[in-house]
């Protein structure tokens, strides 16, 4: 499981992702994933190209500004931790009682894991002990440049499992000529230093204490028991030496001090040749010249050529693992490795040549006295399906051979892996669906928020009823296009649609700049309100600035007939309204009250390219830095005579500020921020007009005009103070009583 043993599998890439997120944060992984152009999720048992892993490591080195060697070592340290977190900790701990045994059994672990990870291409390890006590670790791999992962893993294993510190140094790095694969051969010098165990502080006890008295009594009882044992043994009729009696007493006590074991070998082997070949049906004995001396009965059945003694074993088999040349010298060099041999297809009977090739897995045992090698093996099978493909049966395998149990257990394991793969695929599909659903949800919310106020839309989404509310002070604006009826009669419908779309898009953008709410559009009529649905003190000023922006934006929209800029009329009125949601199928947030009618009258009685103000709006804009002229007294349908006004300009805001355009230098009246997400404007950055009450939401809609004026006066900037105008609203009166004719002449 260690050391790049699964580079093609998603397990390795998942480990690398976990390392980056845990050590450097989620943002670093997102950046790394983007630069490496890889997917976000990797399936554990899915095979991926090695290039993905290498590219991730290379890009990580660039982003983190570390060397590739340091990154690989860090990855090795974390890979060991990740394996333990993934449930392999107990398996790893049982590999050996010390670091040397642990490393020597890594190849066996890789061989076992290959049952689950069938495409696994693991490295190989060999330990060589020097006379000075140091250890040489031979590392073989066919993936060049990954050897720096080894120190990270081995050092972590030594610290965690064996409580020792290890330093590793590369002595040589070359290509192994005698190996047929895994040609990179790196030799590490491993120096191991055990950590000193912490001394336990002895507790001082009072001799007179009760505990001390109990300890003394216990010691006397143990001594008495040993004396009794000795007496019993000495009375035994069997004659024993003094040391035999002492040894028996020690063994009879708490512990066994005998740590050595001397096996007993018979003078002759009490197994006849026929019995041995039947008891071990899969084995081959060959000499230094690779000539076959004997073979098990079942291996002869599947490879009939082995029945002829004297044939060369390399004529029938090739070494698959470890990938070395088939010579006695190479085999003895890797004698501690598990060997996998594969039969040559042309040497099999005709009936078996179309089947998958027979593979054997087992141990090479060198017999020094007869200078022969015994290969004690079993068929390399992973499942019942492979057993059937080889036309074998469980009965062909010796009863003592664990391959029987392994096939059955691994059949269940493969079924669990398939279920795990299905779960991972479903999980990934759900993740993608959830991501797409979230994107669609955002689109739906954006559309909903474009139709209704945000807090109103949220209430409707929750299934709650939206109560109608009264607003004692708000400012409503209406606008329409001059001679719109004539334009419609002379143009194609698509031209009208394009013209209105261009104009309304510009107006919609301005609603974000000045934070006013777009109520609706009917034909060429455009309606906005300030102070609704969120009450705010500067609603009149916001709507006035919006109207100035509308007038400028309208000049950029051309009349399809004349090719000249269109002309609009704008009317504004301030007063109380009642607001609420109307309808269920296509709910709309509508305004009701005389204020709406009066605002509409201001628009219908207005003049081309002029902003027509009612008396209440004029009072709300007084001392707010606007240039306003008196239009005079006019007859308003349904209202009688009214003294109305014309808004000309904002004295202290530039055109760029009114239009929400970014400027090179920040003005005292603007704040370059990102506007709210409205409709199709979600991707645009808008400079929003700054107001003193931008962050202050009023708790009640019955705000008096006096309080509103005080809040608005509080937003006077440093530039306003420098002007120190005694009257910031300049009002010009017409000389005669005919307001209409005089206004038309002068303006």
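In my numbering, the protein residues as written are 747 to 1493. Even for Gly, the Cβ is constructed at its ideal location relative to N, Cα and C.
Any idea what DSSP makes of residue i, helix, strand or coil?
i, result
"residue 1421", "Only weak support is given to the placement of residue 1421: the predicted model assigns it a pLDDT of 38, under 50, and the value that follows is read from those uncertain coordinates. Of the three classes helix, strand and coil, the one that applies to residue 1421 here is coil, per DSSP."
"residue 1260", "helix"
"residue 1226", "strand"
"residue 984", "Here residue 984 scores only 49 on pLDDT, less than 50, and its place in the model should not be relied on; the value that follows carries that caveat. Of the three classes helix, strand and coil, the one that applies to residue 984 here is coil, per DSSP."
"residue 784", "coil"
"residue 840", "coil"
"residue 1319", "strand"
"residue 1306", "coil"
"residue 1168", "helix"
"residue 1221", "strand"
"residue 1138", "coil"
"residue 802", "helix"
"residue 1434", "strand"
"residue 812", "coil"
"residue 1360", "coil"
"residue 1049", "coil"
"residue 763", "helix"
"residue 770", "helix"
"residue 1032", "strand"
"residue 1095", "coil"
"residue 897", "helix"
"residue 1083", "coil"
"residue 1124", "strand"
"residue 1077", "helix"
"residue 1314", "strand"
"residue 1001", "Residue placement at residue 1001 is poorly supported in this model, since its pLDDT is 45, which falls under 50; the coordinates are not used for a value here."
"residue 758", "helix"
"residue 1207", "helix"
"residue 1157", "helix"
"residue 905", "helix"
"residue 1384", "coil"
"residue 1457", "With a pLDDT of 36 at residue 1457, under the threshold of 50, the predicted position of this residue should be treated as unreliable, and no value is reported."
"residue 1347", "helix"
"residue 822", "helix"
"residue 1024", "helix"
"residue 1407", "coil"
"residue 1173", "helix"
"residue 1011", "coil"
"residue 1402", "helix"
"residue 1144", "coil"
"residue 1129", "coil"
Based on DSSP bridge pairs, tell me the residues matched to residue i.
i, result
"residue 1112", "1119"
"residue 885", "871, 932"
"residue 1396", "1372"
"residue 1088", "1064, 1105"
"residue 1037", "1058"
"residue 1389", "1379"
"residue 738", "With the chain covering only 747 through 1493, there is no way to say anything about residue 738."
"residue 919", "932"
"residue 913", "937"
"residue 1017", "Residue 1017 pairs with nothing; no bridge assigned."
Could you give the C-beta distance for residue i and residue j, rounded to a whole number, given that I count them as a contact under 8 angstroms?
i, j, result
"residue 1319", "residue 1222", "6 angstroms"
"residue 1027", "residue 1043", "5 angstroms"
"residue 899", "residue 912", "Going by Cβ atoms, the distance from residue 899 to residue 912 rounds to 11 angstroms, so no, they are not a contact pair."
"residue 1315", "residue 1228", "6 angstroms"
"residue 760", "residue 766", "Not quite, the Cβ-Cβ distance comes to about 11 angstroms (not below 8 angstroms), so this is no contact."
"residue 819", "residue 895", "7 angstroms"
"residue 1295", "residue 1322", "Not quite, the Cβ-Cβ distance comes to about 26 angstroms (not below 8 angstroms), so this is no contact."
With three or more C-beta pairs closer than 8 angstroms as the rule, is the stretch 1302 to 1312 touching the stretch 1279 to 1292? no
Using 8 angstroms as the threshold, is the stretch 1129 to 1136 in touch with the stretch 1049 to 1059, meaning 3 or more CB pairs across them? no
Length at least 3, wholly inside the stretch 1232 to 1296: the beta strand (DSSP E) runs in chain order: 1263 to 1268, 1271 to 1276
Could you check whether the stretch 1244 to 1254 touches the stretch 1365 to 1380, counting it as contact only if at least three pairs of C-beta atoms, one from each stretch, sit closer than 8 angstroms? Touching, no.
Does the stretch 1278 to 1289 come close enough to the stretch 1177 to 1188 that 3 or more CB-CB pairs lie under 8 angstroms? no
For the structure I just gave you, are there three or more beta carbon pairs, one from the stretch 1077 to 1088 and one from the stretch 1097 to 1115, closer than 8 angstroms? yes
Does the stretch 867 to 885 come close enough to the stretch 839 to 857 that 3 or more CB-CB pairs lie under 8 angstroms? Taking 8 angstroms as the limit for Cβ pairs, the verdict is that the stretch 867 to 885 does touch the stretch 839 to 857.
Just checking, does the stretch 1143 to 1155 make contact with the stretch 1069 to 1082 on the three C-beta pairs under 8 angstroms criterion? no
Using a Cβ distance threshold of 8 angstroms, determine whether the stretch 1384 to 1398 contacts the stretch 1345 to 1357, with at least three qualifying pairs required. Because the criterion of three Cβ pairs below 8 angstroms is met, the stretch 1384 to 1398 and the stretch 1345 to 1357 touch.
Within the chosen definition, does the stretch 1139 to 1146 reach the stretch 1055 to 1068 through at least 3 CB pairs nearer than 8 angstroms? no
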